[in-house]
Amino acid sequence: MLPLFYIFGAVAILAALSVVLQQTPVYSALSLIVVLCSLAVVYLLLGAEFLAVIQVIVYAGAIMVLFVLVIMLLNARRETPADRSRMARWLGFPLLIAFFGQILFATWRHFSGLHATPQMAAGPKSIGELLFRNYALPFELTSVLILVAILGAVILAKKQV
Amino acid sequence: MGTSSEPLILTAIILAKVAVVLLVFLTSVAYAVWLERKVVAHIQSRWGPYLVGPHGLLQPVADGLKFLFKEDIEPREVDRLIYYLAPFVAFTMAFASIAVIPFGESITILGHKINFEITSLNVGLLFILAVTSLGVYGIALAGWSSNSKFPLFGGLRSSAQMISYELSLGLALVGVVLISGSLNLREIVDQQQGLWNIVRQPLGFLLYISAAIAETNRTPFDLPEAESELVGGFHTEYSSYKFAMFFIAEYANIFTVSCLATLMFFGGWHGPVFGPHLLRAFLPVLWFGLKVFCFVFAYIWIRGTLPRFRYDQLMSFGWKFLLPLALANVLITSFVVAWRAS
Chain A
1 MLPLFYIFGA VAILAALSVV LQQTPVYSAL SLIVVLCSLA VVYLLLGAEF
51 LAVIQVIVYA GAIMVLFVLV IMLLNARRET PADRSRMARW LGFPLLIAFF
101 GQILFATWRH FSGLHATPQM AAGPKSIGEL LFRNYALPFE LTSVLILVAI
151 LGAVILAKKQ V
Chain B
1 MGTSSEPLIL TAIILAKVAV VLLVFLTSVA YAVWLERKVV AHIQSRWGPY
51 LVGPHGLLQP VADGLKFLFK EDIEPREVDR LIYYLAPFVA FTMAFASIAV
101 IPFGESITIL GHKINFEITS LNVGLLFILA VTSLGVYGIA LAGWSSNSKF
151 PLFGGLRSSA QMISYELSLG LALVGVVLIS GSLNLREIVD QQQGLWNIVR
201 QPLGFLLYIS AAIAETNRTP FDLPEAESEL VGGFHTEYSS YKFAMFFIAE
251 YANIFTVSCL ATLMFFGGWH GPVFGPHLLR AFLPVLWFGL KVFCFVFAYI
301 WIRGTLPRFR YDQLMSFGWK FLLPLALANV LITSFVVAWR AS
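Protein sequences, first through last, are from chains A and B.
Following the working numbering, the numbering of the first sequence begins with 1 at its first residue and continues without gaps.
Following the working numbering, the numbering of the second sequence begins with 1 at its first residue and continues without gaps.
Written out as structure tokens, the structure reads:
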């Protein structure tokens, strides 16, 4: 199990880099799909079958299809790199290192003693119980938020009468 | 238990299962093409393929060989990586879903219990939906990378169509999942032992079958490859074995949705079982195959009879008719299930 985790972890990281570094939008989108699918494999290795499949259906199968569709509609070919600003050149790397250092520190401090336990209860039943008992309010608020976003999209897309 | 050869035997069993299932599946797909040409021909008062073998039975072999030996034409200025990747994506996704489809009970050979499926997932149903939802990339990317107008239109249409109908397809199956309380295909089938789900979920079945035809890009929803307006649709620029892969993928998808319809609504492999031990083991597989065959036949029948939708009709049918009905079906079913439970 552990070698598989490292393989797919590495694939996810490489593909994530490729998302940023590619200059053709379609390649970026495809790399993002690879990231999402390898994360799904990691979930699967942790015993979270349901989460893994939902990850593929929702992100790779629905959201990314929309991304690819829009890229195709705009027929976006290769991007021309813009001149990087001077501030980004001098501040970018230090800020990046600081950010990653913070994440590493937080992860190490909070999770160093924990081990990912396979076969944890992550089936649809336990997730549903968690969502509708412990996190009912955030869950409902999120759905209201999505509803508002849908209405916004409809209003933006509607032709002026 | 505990002998050192045990894991070896288990691996051999799995490999054998994969080989057998793949072989049967590929052969059925090839002969589905023959069946389609024959049935549509008879609907139109023609003979169909008749020259290669008795009643043209060797036509699939001849076609397969022809595809392999045809010149592989690559159009100018295609996006090479994606252009070559797309048929493989479509093909792989079409075949991945058979891994979780159970087509019979189990059989015991030399002390080893062998289930009639390659692998059993607790979320088998969702796995199939996930894999089919990835299949759209093959078509969309083929259309985009060909660097040509008609394939691009075909690819765009198919992406839009598949996104729209996937929702109804998933929601139509939610009713069955609510009733059986499981996402495991084997459990869903076992739970239909007394009564098939078609009786409990007639609306769900009609919604599923309409959405499934659209999802597999078949007439009357075959807008992505409408010959009269888009030449060949997304695969216009493909030739040789790459075209064959798209072709096989399309028919494999027909089998997948037919298998799923059988499992979810028509009791899977359940049917009268009698006779000696071996017959008892294989009769369910026969029933399953027979039911799937009926669906494949119905698919061809529909293709031979119905004209194609207009594109805007297709979209409004999906969003304004199928989707609300599917939502209502989910709502009513969950009320009934909750009322029964309390």
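All residues carry an ideal CB built from backbone N, CA and C; glycine is no exception.
Quick one: what's Ser106/B bridged to in DSSP?
-> For Ser106/B, which the question treats as bridged, DSSP gives the partners Asn115/B.
CA nearest to the CA of Tyr251/B, picked from Ser239/B, Gly143/B, Thr216/B | Comparing Cα positions, the closest option is Thr216/B.
How about Asn329/B and Gly143/B: are their beta carbons less than 8 Å apart?
-> No, Cβ-Cβ distance for Asn329/B and Gly143/B is not below 8 Å.
Taking DSSP as the reference, what is the three-state secondary structure of His270/B?
-> Residue state, collapsed to three classes: coil.
Separation of Val42/A from Val11/A, as counted between CA atoms = Rounded to the nearest whole angstrom, the C-alpha separation of Val11/A and Val42/A is 11 Å.
Below-8 Å beta-carbon distance, Ile57/A vs any chain B residue | Cβ-Cβ to chain B under 8 Å: yes for Ile57/A.
Could you say which of Asp312/B, His235/B, Leu126/B lies nearest to Leu185/B if we only look at CA atoms?
-> Of the listed residues, the one whose Cα sits closest to Leu185/B is Leu126/B.
Anything in chain B within Cβ reach of Gly61/A, meaning under 7 Å, just list it in chain order.
-> At a beta-carbon threshold of 7 Å, the residues of chain B lying near Gly61/A are Ala130, Ser133, Leu134, ordered along the chain.
Could you tell me the boundaries of the alpha helix (DSSP H) in which Val53/A lies?
-> Where Val53/A is concerned, the enclosing alpha helix (DSSP H) stretches over 49–55.
Look at Ala172/B and Ala214/B and say whether their C-beta atoms are less than 8 Å apart.
-> Contact: no.
Evaluate contact between the segment 108–118 of chain B and the segment 163–178 of chain B, counting only Cβ atoms and requiring at least three cross-stretch pairs below 8 Å.
-> Between the segment 108–118 of chain B and the segment 163–178 of chain B there are fewer than three inter-stretch CB-CB distances shorter than 8 Å, so the stretches are not counted as touching.
Spatial distance of Leu39/A from Leu2/A (CA atoms) = Leu2/A has its alpha-carbon roughly 14 Å from the corresponding atom of Leu39/A.
Can you give the Cα-Cα distance for Pro54/B and Trp47/B, rounded to whole angstroms?
-> Taking the straight line joining both Cα atoms gives about 12 Å.
Measure from the alpha carbon of Gly169/B to the alpha carbon of each residue in Val257/B, Leu331/B, Thr305/B, Lys38/B, then state which is nearest.
-> The question names Gly, but residue 169/B in the sequence shown is Leu. A check of alpha carbon separations from Leu169/B across Val257/B, Leu331/B, Thr305/B, Lys38/B identifies Val257/B as the nearest.
Thinking just about the alpha-carbon of each residue, which of Ile71/A, Arg89/A, Ile127/A is nearest to the one in Ala48/A?
-> Of Ile71/A, Arg89/A, Ile127/A, the residue nearest in Cα terms is Ile127/A.
Express the C-alpha separation of Thr24/A and Asn75/A in angstroms, rounding to a whole number.
-> Distance between the alpha carbons of Asn75/A and Thr24/A is about 11 Å.
Mind listing the chain B neighbours of Met72/A? Cutoff is C-beta to C-beta under 8 Å, in chain order.
-> Chain B residues near Met72/A: Ala140, Gly143, Trp144, Leu152, Gly155, Leu156, Ser159.
With burial defined as no fewer than 16 other Cβ atoms inside 10 Å of the residue's Cβ, what is the status of Gly2/B: buried or exposed?
-> At Gly2/B, the pLDDT of 46 sits below 50, so the modelled position is not reliable; the number obtained from the coordinates is stated separately. By the 10 Å Cβ count, Gly2/B comes out exposed.
Are the beta-carbon atoms belonging to Gly154/B and Phe91/B less than 8 Å from one another?
-> Result no, Cβ atoms of Gly154/B and Phe91/B do not sit closer than 8 Å.
Between Phe288/B and chain A, is there a C-beta pair that is closer than 8 Å?
-> Residue contact with chain A for Phe288/B: absent (no Cβ-Cβ distance below 8 Å to any residue of chain A).
When DSSP labels each residue in this structure, what does Val123/B get in the three-state scheme?
-> Coil at Val123/B, not helix or strand.
Should the segment 257–269 of chain B be regarded as contacting the segment 88–106 of chain B, the criterion being three or more beta carbon pairs within less than 8 Å?
-> Flag = yes, the segment 257–269 of chain B and the segment 88–106 of chain B touch.
Using a Cβ cut-off of 8 Å (strictly closer), state whether Asn122/B contacts chain A.
-> Chain A contact via Cβ: present.
Look up Arg303/B in the DSSP assignment and say whether it is helix, strand or coil.
-> Arg303/B: helix per DSSP, three-state reduction.
Output yes or no for whether 8 Å exceeds the beta carbon distance between Cys259/B and Ile101/B.
-> Cβ atoms of Cys259/B and Ile101/B: closer than 8 Å.
Which of helix, strand or coil DSSP assigns to Cys259/B | Of the three classes helix, strand and coil, the one that applies to Cys259/B here is helix, per DSSP.
Round the Cβ separation of Asn253/B and Ala94/B to the nearest angstrom and send it over; I've been treating them as touching at under 8 Å.
-> Cβ atoms of Asn253/B and Ala94/B come within 8 Å of each other, at about 5 Å.
Is the segment 132–152 of chain B touching the segment 67–85 of chain B in the sense that three or more CB pairs, one from each, lie closer than 8 Å?
-> Short answer: they touch.
By the 10 Å Cβ neighbour count, where 16 or more other Cβ atoms means buried, how is Thr11/B classified, buried or exposed?
-> So Thr11/B counts as exposed.
If you draw a straight line from the C-alpha of Val136/B to the C-alpha of Ser158/B, how long is it?
-> One C-alpha to the other measures close to 7 Å.
Three-way DSSP call (helix, strand, coil) for Trp196/B in this model | Correct three-state label for Trp196/B: coil.
Amino acids of chain A, ordered along the chain, whose beta-carbon sits closer than 8 Å to that of Leu126/B | Within 8 Å Cβ-Cβ: Phe50, Val53, Ile54, Ile57.
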